[in-house]
Structure formats: C-alpha cells, structure tokens
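J.: My structure is below; once you've seen it, I'll send some questions.
Number of protein chains: 2
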Amino acid sequence: MAIIVQKFGGTSVADVERIRNVAQHVKREVDAGNQVAVVVSAMAGETNRLVGFCNEFTVRDESEYDTVVSTGEQVTVGLLALALQEIGIKARSWLGWQLGIRTDSTHSKARIEGINAEVILEGFTRGEVAVIPGFQGVTDEGRISTLGRGGSDTSAVAVAAALKAERCDIYTDVDGVYTTDPRIVPEARKLQKVGYEEMLEMASLGAKVLQTRSVELAMKENVRLQVLSSFQDTPGTLLVNEEEIMERRKVTGIAYSKNEAKVTLINVENTPGVAAKIFSPLADSEINVDMIVQNVSEDGLKTNVTFTVPKTDLQKALEALDAAQKKGELVYGKLLSDSNVAKVSVIGIGMQSHAGIAQTMFSTLASKGINILVITTSEIKISVLIDEESSDDAVRMLHAAYELDKKPKRVE
Amino acid sequence: MAIIVQKFGGTSVADVERIRNVAQHVKREVDAGNQVAVVVSAMAGETNRLVGFCNEFTVRDESEYDTVVSTGEQVTVGLLALALQEIGIKARSWLGWQLGIRTDSTHSKARIEGINAEVILEGFTRGEVAVIPGFQGVTDEGRISTLGRGGSDTSAVAVAAALKAERCDIYTDVDGVYTTDPRIVPEARKLQKVGYEEMLEMASLGAKVLQTRSVELAMKENVRLQVLSSFQDTPGTLLVNEEEIMERRKVTGIAYSKNEAKVTLINVENTPGVAAKIFSPLADSEINVDMIVQNVSEDGLKTNVTFTVPKTDLQKALEALDAAQKKGELVYGKLLSDSNVAKVSVIGIGMQSHAGIAQTMFSTLASKGINILVITTSEIKISVLIDEESSDDAVRMLHAAYELDKKPKRVE
C-alpha cells in the first residue's frame with residue numbers, strides 16, 4: 001500500500017462542481033489501494049478577496065493578515081472532506097494547527113519546520129483520507145502563519161516528505177512541463193521527466209509551473225514530484241534526480257522572461273569593493289539583481305558594469321543609484337537603462353557533458369542578426385539578454401536548433 | 413479600571429468602513445480607561461454564503477461544516493484588529509482554539525463549557541484589546557465547533573462572565589428593547605432596564621433582539637447585559653436582575669408571533685398517558701409544541717386537545733398525527749387545524765404582585781370583539797391565541813391599555 005500526496009490549486013477547486021471533480025481524482029488513488037493525503041489551495045479568487053480586505057487598511061500586521069488570509073484554504077478542506085464523504089470515501093480535514101504544520105515566525109512568508117506525520121498515519125489506519133490546507137501553518141507562539149503566494153506546492157511537498165510518500169502529484173491547469181512555452185512554439189513537447197535542478201532553472205527563468213521553493217524542498221527531501229492536469233486525464237511530467245533521467249539529451253528546455261530591464265553604469269571607478277558599492281543601495285531597496293557583467297577598461301582604472309533588474313523595479317533602481325552618487329558613495333560617469341529587453345535561456349543537465357551547446361546558441365541567434373547584450377552561464381544553463389522584439393523568434397529558433405520537438409533517444 | 417465586553421453583529425461589521433466604525437466604539441471605551449474585549453460576528457451575508465457551500469453537498473458532517481462556517485468570524489477578528497491598530501490602539505485577535513473557548517462536541521450547536529480568561533487578562537496588562545470571534549469554540553478532540561445561529565451573543569456573555577466584566581454591551585441594528593414592536597405601535601417606548609426573565613419571555617415570544625441562550629447565560633452568570641445601537645449614539649436597554657428594576661410597572665412589554673398554527677384533536681380517548689401518545693410522534697418529528705389546552709368532556713371519557721406548532725411545521729405535524737392514528741397508537745375523532753392565528757403576549761415581572769392584569773387583557777380584547785382561542789399563562793406572562801388578522805390591533809390596544817407609552821413612576 002503506497003502513500004500518495006495529491007495537491008490541487010485554486011482553479012481546480014474554484015467551485016463545488018470542481019471540488020467534486022477533485023474528489024474523483026482522490027477516489028481513483030484510493031480505489032487503486034493507496035493511502036492518500038490531499039493538499040488544497042483556496043478557491044480561485046478567494047485569496048485575492050481576503051488580501052483585498054487587509055489592504056484596505058493603512059497598517060500592516062502580518063499575523064492578523066495570516067489569520068484572515070488562511071481562511072480560504074480552511075473553507076476548501078471542509079468542502080473537499082464533504083465531497084469525498086458524498087462519494088463514500090472516509091475523509092477528514094486537518095488544519096495547519098491541528099496537524100502541527102510548524103513554521104518559523106516570519107508571518108506571510110513563513111517556512112515550514114516540521115509536520116506531525118503521526119496523526120495523518122493514524123488516520124490512514126482508520127481508512128481515512130487526510131484533507132490538508134496548503135499555504136498555512138502554525139508558529140511556536142500558536143498563531144496561524146502563511147507561506148506566501150504559491151506556498152501550497154511547498155505544503156504538499158512537505159507533507160509528502162513527512163509521510164515518506166511514494167509520490168507527490170501536483171495537479172494544475174497545465175498538463176506538465178514543456179520544452180518551452182507552447183503558446184510561442186506549437187511544437188513544444190511535454191517532458192516525461194525533468195531533473196530538479198533543471199526545473200529550478202526553468203522556474204526561476206520564467207516557466208511558472210511550480211513554485212521554486214517547492215522544487216528546492218523536493219530536491220532536498222528527495223520527493224518524486226509529478227506535475228499533471230486536473231482537467232485532462234493524461235500523464236504529466238515527473239521531477240526526479242538527474243541520474244533517473246535516462247534520455248540522451250543535451251538541452252531540456254528553453255525558458256524566457258520579458259520582465260527584465262538592463263542598467264549600465266559607464267566609467268565606474270575600478271577600485272576594490274566597487275561591486276559592493278553598486279549593489280548595496282539596490283539591496284537596501286529590496287531589488288533583485290540578476291545578470292551581471294563587468295568589463296574592465298584597457299587602463300584598468302575605469303570599468304563599465306551592466307546588470308538586469310525586474311522591469312517593475314527599474315525606476316526604483318535608478319533612483320537608488322542616483323542617490324548613492326549624490327551621497328558620494330558611488331562614482332560613475334553615466335547611467336543608462338533599457339527596458340525593451342528579454343532574457344532567453346537554454347537549460348539542460350546534459351550540457352555538462354556536451355560541448356558546443358553555447359556555440360549552437362550564439363550562432364543560431366547570429367544567423368538571424370539577433371544581438372546579444374549580456375551573457376551569463378551556470379553549469380546547466382546559458383542565458384542571454386536580447387532585444388525584447390526578438391524574444392519569440394529566438395525561442396522558436398533555439399527550440400528547433402536543439403531539436404526539442406523530436407523525442408530524444410533513450411540511453412541503451 | 414473596568415473590564416468591558418463589546419459585541420458587534422454581522423450588519424455592524426458588514427464591510428471595512430463599518431469595521432472602522434466598530435473600532436471607534438472600541439476606542440471610546442479604551443479612552444475612558446477601560447480594558448476591552450470585543451466579540452464579533454461574521455460580515456453580513458458571509459455565514460449564509462459558507463452555509464450555502466456546505467448545503468450543496470448531499471452529505472452532512474457537522475465537524476466539517478463547523479470548520480467551513482467558522483471562517484466568517486476568523487476574517488472579521490483579523491480585520492478588526494487591523495482597524496484598531498490603524499487608529500493607534502494595541503489589539504490582537506484570538507481564535508476560539510487559541511483562547512480555549514471549550515465547548516461540548518455537539519457540532520453546529522455546541523455549548524460553551526469554559527474560557528481561558530488568563531490569556532485575555534495577560535493581554536490587558538500589555539494594554540491590548542482582545543478581539544474575539546463569536547459563534548466558535550474548540551472541542552476536547554481539538555476540532556472547531558460552532559454554537560449555532562445567533563451564537564455570538566452567547567459567546568460575548570461567556571467572555572464577560574469569564575472576565576468578570578463590569579458590563580457586556582451588545583451592539584445591534586436596533587437601539588434597545590421596546591415595550592413592543594415600534595413598526596406596529598409608533599408610541600412604543602424604549603425600556604431603560606428589563607429583567608432577565610422578562611427578556612427571556614420576550615425573546616421566546618417573538619422579540620428578536622437577543623438570542624435566548626445568551627440571556628439565560630447572562631442570568632445564570634449575573635452578567636449585566638446592555639443592548640444598544642452601533643449606528644446611533646444613544647443609551648440602550650440594560651438587562652439586570654429583577655430586583656434592580658426600580659420602576660413601578662405592572663407590564664413591561666407586549667410581544668407577538670405570527671408564526672403559529674393551531675391543531676385540535678376532537679374526541680381523544682381520555683385514558684392515562686394520552687398526552688404522551690399525542691406529543692411523542694410530534695417530538696419524534698422534532699416539532700416544538702407550544703400552547704397546550706385540554707378540555708375534558710362531561711362524562712370524562714373523551715377529551716379535546718388543542719395546541720400550537722410553528723406554522724412551518726404544521727403539515728409535518730398533521731402527517732405525524734395521522735400516521736400515529738393509522739398505526740393504532742392514538743385514537744381520535746377528528747383532526748382540525750388553522751394557520752391564520754397569532755399569539756399575543758403580555759409580559760412583566762410586576763404582574764406577580766398586581767392583580768387584574770389578565771382581566772385587563774381579556775376585557776380589552778373583548779371590547780373589540782376579538783375572540784380568544786387559547787390562553788396560557790406563566791408567572792410573568794399571559795399569552796393568548798387569536799385570529800391573525802386581529803393581531804396588530806390587539807397589540808396596539810393592549811399597549812394603550814397598560815399605558816406602556818407613558819414612562820412609569822420610579823419607586824420612592
């Protein structure tokens with residue numbers, strides 16, 4: 001008898017009919033002889049409604065915010081328990097505090113520290129399905145906490161880890177992880193398996209299938225995660241350890257992000273600690289800096305520094321740098337910016353053992369006259385910053401260049 | 413420094429603006445140097461929405477129902493805490509399980525067994541207002557329970573009793589308890605004080621100002637309860653022990669109910685236990701029987717029995733009695749019913765010491781040719797059943813006959 005954790009997002013539980021549909025998904029696993037814990041989000045739109053109430057006030061108290069916002073999931077667990085009982089399946093709901101989903105005290109973006117698996121396992125011995133709210137937990141002070149938006153994926157993985165579940169199935173409104181965005185490349189192929197690290201890169205580079213933190217936790221706890229559709233009955237994509245991927249492939253997917261802006265500082269004094277001088281005012285303003293390149297001038301006295309920030313933070317970034325210059329904390333010649341840029345990334349665990357991946361990328365883009373503004377690389381990905389207008393073309397050409405539309409051969 | 417409990421119902425917290433208005437009411441007590449605990453209901457309409465979700469399922473699980481429905485109050489406490497902080501008042505919310513509002517396990521109509529007053533009192537020493545959800549508690553099994561509709565009044569009284577509060581102020585959309593319904597009698601006067609028992613009679617006889625159970629609890633725990641408006645800044649009505657009422661008055665108020673139906677069984681065999689035979693099938697069908705009269709025939713062999721049931725239960729009552737006759741459990745000649753009836757009641761602790769109250773009632777009704785169908789009495793009330801069409805007239809005439817529009821003299 002295997003333990004399966006299933007997780008359903010807000011659109012999958014948007015109304016009573018859909019909650020009944022979720023109950024059928026649970027029934028299938030129960031009928032197959034499995035012990036099931038289901039993790040659910042709030043009904044679609046509900047969290048926004050509750051956050052909206054809180055935002056009407058001019059003060060912020062994260063623990064009161066959590067008390068209010070966590071009610072969305074509380075409603076869903078009760079209703080799903082009823083839907084399961086309605087089709088003859090024993091089920092009960094557990095709230096975060098009833099289950100001891102202990103978190104730290106950083107309300108509204110808490111981290112799970114532990115879960116009392118025993119109470120769920122006891123329920124299993126009584127033949128009960130455990131219905132568990134995602135997104136919520138309880139602090140040591142006995143107050144309700146929430147994990148931040150998208151935290152339900154993380155809750156599901158944490159429950160799966162605590163139960164040592166065979167698998168954690170994340171049901172969403174897409175049916176798996178694709179080689180790239182099918183809206184741009186109709187030939188995009190659904191991946192049967194993808195490595196945790198590849199998924200992490202894809203998630204952080206713009207593929208919004210799974211919350212990054214949930215993938216990190218799955219990797220750390222070695223939880224087999226499956227992404228699949230709650231509306232279609234097709235196999236999804238399984239997240240596994242890299243060594244489990246038996247396909248001989250160099251590149252796994254192409255990701256892109258249009259939420260980028262480029263900032264360039266011209267003629268910065270090239271003294272030790274200059275990077276800290278540039279990036280500490282940005283960090284103080286809570287701006288995430290992504291791609292960074294630094295060119296040193298011939299004489300080594302001046303340097304140009306280019307980096308990207310989220311498009312929505314560009315104005316704030318420029319103001320922070322300007323203020324630092326005025327305070328004399330930072331000296332530069334000129335401050336340039338460009339928000340018509342996009343980041344396109346090639347991702348694949350296979351690139352570690354295959355030469356020429358980068359070369360293929362650069363020559364493919366060059367063949368269409370697409371200019372590369374910035375390049376950054378890691379062991380399993382190469383990202384380039386290009387003009388935003390060329391972004392869709394670049395994704396299509398790279399998808400074709402790496403033959404991602406073709407099923408890769410299996411390793412013999 | 414006095415402890416005050418304030419309770420606000422659903423219409424008083426219907427939206428963020430009204431919640432801000434509630435915060436001002438709380439501020440007034442805080443500014444007056446009092447320590448305040450506030451009990452709130454769900455935002456108007458919210459409980460119905462949540463009950464509606466649960467009712468869409470064909471199964472019933474009261475503990476899941478409670479998990480879902482209790483979220484309404486959970487939202488309000490968080491928002492009121494924010495509203496208080498917004499105007500500079502230290503406040504925090506407490507949920508039923510955080511406060512140890514312990515109840516029995518009869519989910520959806522649980523009874524409060526105790527409250528950990530210490531945590532609220534500790535909050536008071538930190539200068540905190542305690543914001544507490546009405547209607548909810550926690551069972552010994554650690555599950556959320558609810559007290560049934562209108563239970564927030566009872567929560568407030570229980571909190572006041574646990575805190576040994578100076579007063580429990582129930583803010584509603586009416587501004588107090590009146591001598592009768594002002595929509596029928598414009599001269600109806602707001603009572604400054606009313607006795608617990610009088611209030612109980614008035615509540616059970618149709619005056620829907622306070623939930624009966626909350627009045628019972630206030631009487632038992634000797635909690636001074638005040639009913640007042642959250643929208644008007646006028647003094648309300650104080651519920652007190654009978655001995656605290658210093659006004660020399662015979663009758664306190666006139667109540668009426670149009671939700672009555674009369675059932676008469678003609679020629680029932682007058683054998684021992686006949687009442688049980690009549691009323692047990694009704695009890696089995698969960699029908700509340702109210703006014704009962706039994707007349708014995710001259711020979712003592714047959715009897716006619718008349719009683720009232722809620723209008724909505726009439727059909728069910730007739731079916732239950734018919735079924736009992738068919739099974740041979742009950743023998744009667746004829747079964748009559750009439751749903752065009754109303755119950756009009758005269759209530760007053762003073763009638764215990766004043767003769768002629770009943771006589772005034774009967775002669776007043778007779779003077780207008782209103783026929784009395786059934787009479788029942790208790791120590792502090794007389795109820796009559798009359799034709800529904802005469803009900804408003806009867807209330808007006810009795811209000812005038814007992815001079816309820818005039819302020820009574822105080823006892824010297």
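So the sequences go chain by chain: G and X. Following my numbering, the numbering of the first sequence begins with 1 at its first residue and continues without gaps. Following my numbering, the numbering of the second sequence begins with 413 at its first residue and continues without gaps. In this text, a Cβ means the ideal position worked out from N, Cα and C, and glycines have one as well.
1) Alpha helix (DSSP H) containing Ala276 of chain G: first to last residue?
2) Closer than 7 Å by C-beta to Gln497 of chain X: which residues in its own chain qualify, once you throw out the five before and the five after it? Chain order, please.
3) For Ser378 of chain G, is the classification buried or exposed, using 16 other Cβ atoms within 10 angstroms of its Cβ as the cut-off for buried?
4) Would Asp140 of chain G be called buried (16 or more neighbouring beta carbons within 10 Å of its own) or exposed?
5) With 16 as the cutoff for other CB atoms within 10 Å, does Asn48 of chain G come out buried or exposed?
6) Is it true that the stretch 660-669 of chain X meets the stretch 743-757 of chain X, where meeting means three or more beta-carbon pairs spaced less than 8 Å apart?
7) Kindly indicate which three-state DSSP category Val411 of chain G falls into: helix, strand or coil?
8) Using 8 Å as the threshold, is the stretch 174-187 of chain G in touch with the stretch 232-244 of chain G, meaning 3 or more CB pairs across them?
9) I believe Asp804 of chain X touches Ile596 of chain X by the beta-carbon criterion, under 8 Å. Please report the beta-carbon distance rounded to the nearest angstrom.
10) Opposite Ala130 of chain G in the DSSP bridges: which residues?
11) Does DSSP put Leu748 of chain X in a helix, a strand or coil?
12) Going by the CB atoms, is the gap between Ile370 of chain G and Ala394 of chain G shorter than 8 Å?
13) The alpha helix (DSSP H) spanning Ala570 of chain X covers which residue range?
14) 8 Å is my cut-off, CB to CB: does Val708 of chain X come that close to chain G?
15) Would you say Gln98 of chain G faces chain X, with C-beta separation under 8 Å as the test?
16) Between X:Leu733, X:Ile532, X:Gly554, X:Arg555, which lies nearest to Ile544 of chain X when the distance is taken from Cα to Cα?
17) Quick check: what's the CA-CA separation for Asn89 of chain G versus Lys27 of chain G?
18) Is Pro408 of chain G buried or exposed, if buried means 16 or more other CB atoms sit within 10 Å of its CB?
19) How is Lys632 of chain X classed by DSSP in three states: helix, strand or coil?
20) Which residues of the stretch 80-110 of chain G have a Cβ closer than 8 Å to any Cβ of chain X? Give them in chain order.
21) Between the beta-carbon of Val463 of chain X and the beta-carbon of Ile416 of chain X, is there less than 8 Å?
22) Counting contacts by CB-CB distance shorter than 8 Å, is Cys466 of chain X in contact with chain G?
23) So, for Glu474 of chain X: in the same chain, excluding its five sequence neighbours on each side, which residues have a beta-carbon less than 6 Å away from its beta-carbon?
24) Between Val823 of chain X and Ala600 of chain X, what straight-line distance do the alpha-carbon atoms span, to the nearest angstrom?
25) Any contact of the stretch 267-280 of chain G with the stretch 303-311 of chain G, i.e. 3+ C-beta pairs under 8 Å?
26) At 4 residues or longer, and completely inside the stretch 698-758 of chain X: list those alpha helix (DSSP H) runs for me, N to C.
27) Indicate whether at least one CB of chain G lies closer than 8 Å to the CB of Val428 of chain X.
28) Going by CA-CA distance only, name the one from X:Ser557, X:Leu640, X:Leu603, X:Thr776 that's closest to Ser517 of chain X.
29) State the Cα-Cα distance for the pair Ser642 of chain X and Asp565 of chain X, rounded to the nearest angstrom.
30) Which residues, in order along the stretch 551-563 of chain X, keep a beta-carbon less than 7 Å from a beta-carbon of chain G?
31) Could one say the Cβ of Leu50 of chain G lies closer than 8 Å to chain X's Cβ atoms, at least one of them?
32) So which residues of chain G does Gln486 of chain X contact, with C-beta pairs closer than 9 Å?
33) Does the CB of Phe415 of chain G have a neighbour CB from chain X at under 8 Å?
34) Quick one: using the 10 Å Cβ neighbour count with 16 as the cut-off for buried, is Arg472 of chain X buried or exposed?
35) Between Asn634 of chain X and Ala573 of chain X, what straight-line distance do the alpha-carbon atoms span, to the nearest angstrom?
T.: So, from the data block:
1) 274-284
2) Ala503
3) exposed
4) exposed
5) exposed
6) yes
7) At Val411 of chain G, the pLDDT of 49 sits below 50, so the modelled position is not reliable and the matter cannot be decided from this model.
8) yes
9) 5 Å
10) G:Ala37, G:Arg92
11) strand
12) yes
13) 563-575
14) no
15) yes
16) X:Ile532
17) In the sequence on display, residue 89 of chain G carries Ile and not Asn. One C-alpha to the other measures close to 7 Å.
18) buried
19) helix
20) Ala81, Leu82, Ala83, Gln85, Glu86, Arg92, Ser93, Leu95, Trp97, Gln98
21) no
22) yes
23) His519, Ser520
24) For Val823 of chain X, the predicted structure reports a pLDDT of 49, less than 50, and the residue's modelled location is therefore unreliable. A value from the coordinates is still provided. Those two C-alpha atoms are separated by around 22 Å.
25) yes
26) 726-738
27) yes
28) X:Ser557
29) 15 Å
30) Gly554
31) yes
32) Thr67, Val68, Ser70, Thr71, Gln74, Ile144
33) The requested residue 415 of chain G is not part of the displayed model; chain G covers only 1 to 412.
34) exposed
35) 8 Å
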